[in-house]
Amino acid sequence: RRVFEILNFKCEFVDDLAPTMLRRKECRQGAKAIIERNLELAIERGQIPPTTDIRRAAIGLFSYIDGLIINWSMEPDSYSLAEQAGALIDIFIDGLRQRVTSYSE
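So the sequence shown is numbered by the working numbering: it starts at 5 and just counts up by one.
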């Protein structure tokens with residue numbers, strides 16, 4: 005948690021950190037790709053509507069998870085991330101199940 009806080013809230017991103025920032029960007033992109041693939045599988049399995057905009061849903065879910073982590077890191081005593089994360093993510097996925105339309109860009 006301390007490293008996360010330093011990298012996200014207390015770190016000045018200077019040229020010396022460019023390799024670290026590139027690695028961080030690559031990891032985030034990889035995580036988004038994994039989320040997209042899992043959403044595609046959910047459509048194939050009939051778990052979410054086939055009209056789901058995969059790219060936007062992946063961006064939304066990634067942002068939701070990122071926000072949960074950031075909020076928890078700022079107030080770790082407010083809830084147990086380990087205990088609550090699954091149920092909180094289920095709320096997001098339930099919203100996708102209810103969604104039957106897709107918006108064009």
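Note that beta-carbon positions come from the ideal geometry of N, C-alpha and C, so glycine has one too.
Which whole-angstrom value is the C-beta distance of residue i and residue j, which I expect to be below 8 Å?
i     : j     : result
Phe66 : Ala46 : About 15 Å; that fails the 8 Å criterion.
Ile69 : Ile93 : 7 Å
So, residue i versus residue j, is the Cβ gap smaller than 8 Å?
i     : j      : result
Thr55 : Leu100 : no
Ala89 : Leu72  : yes
Out of the options, point me to the one whose CA is closest to residue i's CA.
i     : options                       : result
Ile97 : Ile73, Gly64 and Ser82        : Gly64
Ala61 : Arg41, Glu87 and Ser77        : Arg41
Arg59 : Leu85, Tyr83, Gln51 and Leu43 : Leu43
Using 8 Å as the limit for Cβ to Cβ distance, is residue i near chain D?
i     : result
Ala91 : Reference to chain D is not applicable here, since this structure consists of a single protein chain.
Item to check | Complete alpha helix (DSSP H) runs within the stretch 29-69 (minimum length 4 residues, chain order) | outcome: none
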